[in-house]
Amino acid sequence: MNGVQYEKLLSQFETEIREGRGSDIRQKLLTFKASDIPRMQLFQFCNLARRTGLPNISLRALHPVLRSEKTGISPSNNEIIEYAAALIAIGATAEANKLLSDTSLQKSEPRVLFFLAMTHFRNWQYEEALPHLNKYVELISDNYAKLVGQVNVCAALCSTNRIDAAKALVHPLLEESKSLNSVLLHGNLLEIAGQIEFYKENFDKALDHFSDSEKILKNTGALSSIYPRKWQHLIRAKNERSIHEAFMVMAPVMKEARKQRDWETLRDIDKRLGVFFQDMFLAEKLYFGTPFASYRDQLLEVFPGFSLPENFFLCNRWKNAIKGPTLDLRSGKLEGEEIGLKSGSLPHRLFGTLLKDFYRPFSVGTLFGELHPDEFYNPFTSNDRVFQTVKRLRGIFEENNLPVKITQLHYEYSLKIVGNLNVRLRSLDLSLKPKNFKDVHLSEKFKTLSLRGDFSVNDVIGELNMSPRTANRVLSDQVQKGNLVKFGKGKRTRYKLAA
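Per my numbering, residue 1 is the first one in the sequence shown, and the count goes up by one each step.
Right, dumping it as structure tokens:
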């Protein structure tokens, strides 16, 4: 096919996606070879691939354009934006933000504002997303794109508890989505309308909206039909006598969510049932098992009786720590003994990252960003580099006979304790990046040494079980960071905590 033929075909695919036939288009796109597509149509192909759940195809197609070392290859604005959108889809939001933070790009391409909002959505930062979305809706001229932006504004308003503002917006949009024959968006808007009535405790009206939404979304084959179904079950579950019975009501939806790998639905069910019954165990599980600070702040509001514990012991069953050895996440030590999981090392940082979310597996893009924050994601090599670190971490667990399993499916990894082991998590560490655990661990040790006054390199060697060379390097690094003060010379050199 030539460029004109590709243009016509991809435009037809766009129409079919808007009519709710995205799953059919996904299968067709899988038969394409990106290298055969003319450069002028490449970003359009990548846009369709990402929107139908194929972001890795987009990244592989555009990486040679965006990250090429060859001279003379300059990416277009559309290609930059589409590459950033695909990065967001795989969880590499930090790199995406760098691409989208170009102010000249933002002025010439309003779509940048939409994708900046999506980076906030991914991190549950709906308050931060709203200014970007409102500006995007104001500037964008395409009716369908504007409607997509407005649907997301409604979702963000609901998530920030601005129910009246969402209600004022959603009903005119329902009419507009009908007139544009935007079947999928109409179904999504009906689900949001149901949420609004749910929050206002108009449950009969809510059920009507959810029922209509489910029918539409089901007919399109959209996986999002699970969302109105979830809300319908929640309305039933809230009237049960116990949380156990409520979970029985939610069981079919939870089973479907696991099958679809829709982890946020599982998190939301735990949260909703926890709030209905004010279950403090679920509050604790959600707090320690969610990596989003804004989400954790919200938990403190909806669980007024929740008292945040200093430690949480993760094991192979919920509610209570089991009898068995304890592996400390911050130090990487098992019952105080070194096991090769050196604090701050790549395997240790991977371990800390995988333990930050009890619900959602981590994408390769997210893991690569945590392990190598100063590097760009490469769809051809980054996956293997992450796998090599996973392999090292698995080796440490096997060498020490630790019952910890790291599973991989597609481009995602998750960690599970499958035997007699407790992993100690600290509430103070939740806001830290795993790469900073080492500094916190060292700070604790230096505070212990300081209880006896100032200290020498030999004190550090004894307390931290380090070689002289490593101890001197660590002390020099801590002095440079301003954490320690050095005084004296030669063998009389001493250290103390900075004021």
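Where a beta carbon is used, it is the ideal one built from N, C-alpha and C, also for glycine.
| message | Check this for me: beta carbons of isoleucine 90 and methionine 118, under 8 Å apart or not? | response | Walking along the sequence shown from the start, residue 90 turns up at place 90. Walking along the sequence shown from the start, residue 118 turns up at place 118. Cβ atoms of isoleucine 90 and methionine 118: not closer than 8 Å.
| message | My assumption, with CB atoms under 8 Å, is that alanine 156 sits in contact with leucine 130. Please give the rounded CB distance. | response | The residue you call residue 156 lines up with position 156 of the sequence shown. The residue you call residue 130 lines up with position 130 of the sequence shown. The Cβ separation is near 5 Å, so the contact holds.
| task | Establish whether the CB of leucine 393 and some CB of chain C are separated by less than 8 Å. | result | This model lacks chain C altogether, as it is built from one protein chain only.
| query | Is it the case that the Cβ atoms of tyrosine 359 and valine 390 are separated by a distance below 8 Å? | reply | Stepping through the sequence shown from its first residue, residue 359 is reached at position 359. Stepping through the sequence shown from its first residue, residue 390 is reached at position 390. No, the Cβ-Cβ distance between tyrosine 359 and valine 390 is not below 8 Å.
| request: Could you check if isoleucine 17 is buried or exposed, using at least 16 other CB atoms within 10 Å of its CB as the buried criterion? | output: Here residue 17 refers to the residue found at position 17 of the sequence shown. Buried is the call here.
| query | Should the stretch 224–242 be regarded as contacting the stretch 254–265, the criterion being three or more beta carbon pairs within less than 8 Å? | reply | yes
| task | Apply the 10 Å Cβ neighbour rule to asparagine 143 and answer buried if 16 or more other Cβ atoms are within range, or exposed otherwise. | result | In the sequence shown, counting from the first residue as 1, residue 143 sits at position 143. By the 10 Å Cβ count, asparagine 143 comes out exposed.
| message | Rounded to whole angstroms, what is the Cα-Cα separation between proline 309 and serine 427? | response | For the purposes of this step, residue 309 is taken as residue 309 along the sequence shown, with counting starting at 1. For the purposes of this step, residue 427 is taken as residue 427 along the sequence shown, with counting starting at 1. Cα to Cα, proline 309 sits roughly 7 Å from serine 427.
| query | Taking the alpha-carbon positions, what's the serine 141 to leucine 48 distance? | reply | Here residue 141 refers to the residue found at position 141 of the sequence shown. Here residue 48 refers to the residue found at position 48 of the sequence shown. Cα to Cα, the separation comes out at about 20 Å.
| Can at least three beta-carbon pairs, one atom from the stretch 183–201 and one from the stretch 214–222, be found at a separation below 8 Å? | yes
| Would you report the Cα separation of histidine 209 and valine 170, rounded to the nearest angstrom? | On the sequence shown, position 209 is the one that residue 209 refers to. On the sequence shown, position 170 is the one that residue 170 refers to. Distance between the alpha carbons of histidine 209 and valine 170: 12 Å.
| When you compare only the Cα positions, how much space is there between alanine 166 and tyrosine 411? | In the sequence shown, counting from the first residue as 1, residue 166 sits at position 166. In the sequence shown, counting from the first residue as 1, residue 411 sits at position 411. For alanine 166 and tyrosine 411, the distance between alpha carbons rounds to 36 Å.
| message | Looking at the secondary structure, which residues open and close the beta strand (DSSP E) in which aspartate 328 lies? | response | Taking the first residue of the sequence shown as 1, we reach residue 328 at position 328. Looking at the DSSP string, the run of the beta strand (DSSP E) that includes aspartate 328 is 326–328.
| field | Option nearest asparagine 383 by Cα separation, candidates Ser35, His244, Ala499, Val364 | value | The count along the sequence shown starts at 1 and reaches residue 383 at position 383. The option with the nearest alpha carbon to asparagine 383 is Val364.
| request: Counting only runs of 4+ residues fully inside the stretch 192–222, write out the alpha helix (DSSP H) ranges in chain order. | output: 203–220
| message | Rounded to whole angstroms, what is the Cα-Cα separation between alanine 94 and glycine 369? | response | Position 94 of the sequence shown holds residue 94. Position 369 of the sequence shown holds residue 369. Distance between the alpha carbons of alanine 94 and glycine 369 is about 7 Å.
| Just to check, is the beta-carbon of serine 58 closer than 7 Å to a non-hydrogen atom of the ligand SAM? | Summarising the ligand content, the structure contains no ligands, and the ligand SAM is consequently not present.
| field | Per DSSP, the bridge partner or partners of valine 418 | value | Within the sequence shown, residue 418 is the residue found at index 418, counting from 1. Paired residues: none, contrary to the question.
| request: Give every residue of the same chain whose Cβ lies closer than 7 Å to the Cβ of tyrosine 295, excluding the five residues on either side of it in the sequence, and list them in chain order. | output: Mapped onto the sequence shown, residue 295 falls at position 295. Hits under 7 Å: Trp124.
| task | Over the uninterrupted alpha helix (DSSP H) stretch that includes arginine 50, give me the two end residues. | result | Sequence index remark: in the sequence shown, residue 50 carries index 50 (1-based). Run containing arginine 50: 39–51, per the alpha helix (DSSP H) assignment.
| task | Would you check if the stretch 26–34 and the stretch 331–349 touch, i.e. whether three or more CB-CB distances between them fall below 8 Å? | result | no
| query | Taking C-beta to C-beta, are threonine 522 and leucine 367 nearer than 8 Å? | reply | Only positions 1 to 499 of the chain appear in this structure, which leaves residue 522 out of reach.
| query | beta strand (DSSP E) containing lysine 259: first to last residue? | reply | Here residue 259 refers to the residue found at position 259 of the sequence shown. Here lysine 259 belongs to no beta strand (DSSP E); instead the alpha helix (DSSP H) covers 243–260.
| message | Would the stretch 415–425 count as touching the stretch 454–467 if we require 3 or more Cβ pairs under 8 Å? | response | no
| request: Quick one: which unbroken alpha helix (DSSP H) runs of 4-plus residues sit fully inside the stretch 132–199? Chain order, please. | output: 143–159, 163–179, 183–199
| Under the DSSP definition of a beta bridge, which residues are partnered with lysine 496? | Start at 1 with the first residue of the sequence shown, and residue 496 comes out as number 496. Lysine 496 is bridged to Val485.
| query | Quick one: what's arginine 424 bridged to in DSSP? | reply | Within the sequence shown, residue 424 is the residue found at index 424, counting from 1. Per DSSP, Phe313, Asp328.
| request: Please name the residue or residues paired with threonine 407 in a DSSP beta bridge. | output: Mapped onto the sequence shown, residue 407 falls at position 407. The partner list for threonine 407 (beta bridge, DSSP) reads Ser414.
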